Amino acid sequence: MSKREQRANVNKLTPKNLAAVAGVVFALFLTIPTACDAKPELLDRIVAVVDDEVILWSELTLRTQMDLQQQQRNPAYLNQIQLQGEMQRILDDMVDERVVVLKALEDSIEIDNQQVEDMLAAEWSRVRDQVSKLEFATMLEKSGMSERQLRATYRKQIRDRMLYDQMVQKVAYSHFITRRDVDEFRARYTDSLPSRFSVSQINVRVTPDESVREAALQQMTQVQSLLTQGESFADLAIAHSQDPGSAGSGGDLGCFSSGTMIPEFERAAAELRPGQVSEPVLTGFGYHLIQLHEKREEELCASHILLQLKATGDDRERALSVLRDLRQRAMDGDDFAQLARDHSEDPGSARQGGLWQVLEREHLPPIVQPYIRHLGLGDVSEPFVLETGGHILKINDDYSTLESLVREEMVDVRMEEVIGEYRTLIHVEVRLEEEWLWDPLTAQNASPVEGS
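Mapping to our numbering: the sequence shown position 326 is 308, numbers consecutive.
Printed below as a string of structure tokens:
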């Protein structure tokens, strides 16, 4: 995660945001067995010193792995120079983060200690639930720490993250954003994208016509008939289900909590008794037969048989025609947010007037890049079709959105100044030698930590 993304994520210190911090911290622990099993002879070393704190090679490599995973980038497809660049950038970020935390302590910024302990306890419990006692003991042994030491390490990382976030908030709200600032920002990006921008969408599903649905329903009725004749649900799933992820295991979906599956599926499953099989359930994926195995306090355990509804070119063209009409209405002055509320078939974003997500210009998702990279503030894309349906996207230019983007831009500048100023007052030393980086994610060239 880049420094810009970190700063953009701290508009509010919500429990959800802070839980994400703890989740990242504990993910490092869960990667210990893989890393250690791959290279049991691995030794650590110091790659940077910030005041009286050190950053270790192991921390850097794990952070690099996690950053690449978040960006959905496979290290195997990066050449040596690209990997070296990533590690250098991430180490710079890690050094800057330590500098910001030290500055926050210098400024006597306070955090809620109870919140730290509550989050630590919740995440510790979550991790313990994911592994057996033996696996947990093995992880501890390979980490070289006792349980008490590990908790102390994670507690410090959670506190540091909260201090960093509080420092960013202090900077963000120490400057008043004027209407002139917003107007100048808007004028600067009338025909291009700012480095970070907000996107709304209208989604129209590509749905097969009635004849396709009738054929699938007739086939599902035949499967139901075989079930009533005594054939097992699992065997029928193997033979007939078109869900590649579960058909081979007899349709088994395991156990899932609320919000995991699409609403129509969850509602139908929740109405069943253990052992009962549903009538055909229509969702955006097709027709399902659902067999409920178990009802837990917060989870359902089920299997299903899926018969997909496959769209044709005519179906896609029908969705595009609807989107062309909606785009034209937006271009003629209709409020995009209201159009999204009235017509978008993505319930989550429709409720928010189509608000989808904030994107970075330099890291656009490849799947939407061709449709928005040439747009400017306020523009609406041409309609396009993806697996999730047909879409039009708008680059949001309302005042509150632009005010937030202006503030983020200002925070970037001011935080760089804060970091630069404070670095001159403390000891900062980077010891990352270029020859270490030839195999950066396995650390084959690492040597022991000084003093060990």
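Quick reminder that beta carbons are idealized off the backbone N, C-alpha and C, glycines included.
Model, not experiment: these values are computed from the prediction.
Three-state class that DSSP yields for residue i in the structure shown
i	result
Ser326	coil
Leu414	coil
Phe167	helix
Leu38	strand
Ser331	helix
Gln224	coil
Glu253	coil
Asn427	With a pLDDT of 42 at Asn427, under the threshold of 50, the modelled position of this residue cannot be trusted, and the question is left open.
Gln51	helix
Leu122	helix
Val153	helix
Asp142	helix
Arg187	coil
Glu213	coil
Arg355	coil
Ser207	helix
Asp147	helix
Gln460	A query on residue 460 cannot be resolved here, the shown segment of the chain reaching from -17 to 434 and no further.
Thr406	coil
Gly230	helix
Phe318	helix
Thr383	helix
Ser107	helix
Asp173	coil
Buried or exposed (CB count within 10 angstroms, at least 16 for buried), residue i
i	result
Gln54	exposed
Asp94	exposed
Pro347	exposed
Ser326	buried
Lys85	buried
Gly315	exposed
Phe215	buried
Tyr381	exposed
Asp191	exposed
Asp78	buried
Asp142	buried
Met313	exposed
Ser40	buried
Ala134	exposed
Glu105	buried
Arg389	buried
Leu87	exposed
Ile349	exposed
Gln268	First, the residue type needs correcting, since residue 268 is Gly and not Gln in the sequence shown. Result: buried.
Tyr136	buried
Residues that residue i bridges to, as DSSP identifies them
i	result
Lys376	Ser182 and Val362
Glu369	Bridge partners of Glu369: none, in fact.
Phe238	Leu282
Gln96	DSSP, once it has assigned bridges, lists no residue as partnering Gln96.
Leu337	Ser182
Val31	Val36 and Glu411
Glu342	Arg178
Beta-carbon proximity list for residue i, same chain, < 6 Å, skipping 5 on both sides
i	result
Val194	Leu291
Asp225	Leu288
Ala322	Ile184, Ala332, Gly335 and Gly336
Val82	Tyr146 and Met149
Trp338	Val181, Ser182, Gln183 and Ser331
Cβ-based neighbour list, residue i, same chain, cut-off 7 Å, excluding 5 preceding and 5 following
i	result
Leu384	Val164, Phe167 and Arg168
Val205	Leu218, His222, Leu271 and Ile287
Ser363	Tyr353, Ile354, Leu357, Ile374 and Leu375
Gln258	Leu274
Asn378	Ser180, Val181 and Ser182
Ala284	Leu235, Ala251, Ile272, Gln273, Leu274 and His275
Asp33	Leu84, Ile408 and His409
Lys277	Pro256
Arg309	Val362, Pro365 and Ile374
Proximal residues to residue i (C-beta, below 8 Å), its chain only, five neighbours per side dropped
i	result
Leu208	Leu218
Ile91	Leu145, Gln148, Met149 and Lys152
Leu122	Ser128, Glu129 and Leu132
Ser240	Glu248 and Glu280
Pro329	Pro245
Glu344	Ser177
Gly372	Asn185, Val186, Arg187, Val188, Arg298, Ala301, Leu302, Val304, Leu305, Pro365 and Phe366
Thr265	Ile244, Glu246 and Phe247
Ile72	Leu42, Arg45, Thr46 and Asp49
8 Å Cβ cutoff, residue i in contact with chain D
i	result
Gly330	The question asks about chain D, but that chain is absent: this structure has only one protein chain.
Could I get the ranges of all uninterrupted alpha helix (DSSP H) runs contained in the segment 260 to 305, with 4 residues as the minimum, in chain order? None, since the segment 260 to 305 contains no complete alpha helix (DSSP H) of that length.
Enumerate, from N- to C-terminal direction, the unbroken beta strand (DSSP E) stretches of 3 or more residues contained entirely within the segment 55 to 87. Complete beta strand (DSSP E) runs here, min 3: none at all.
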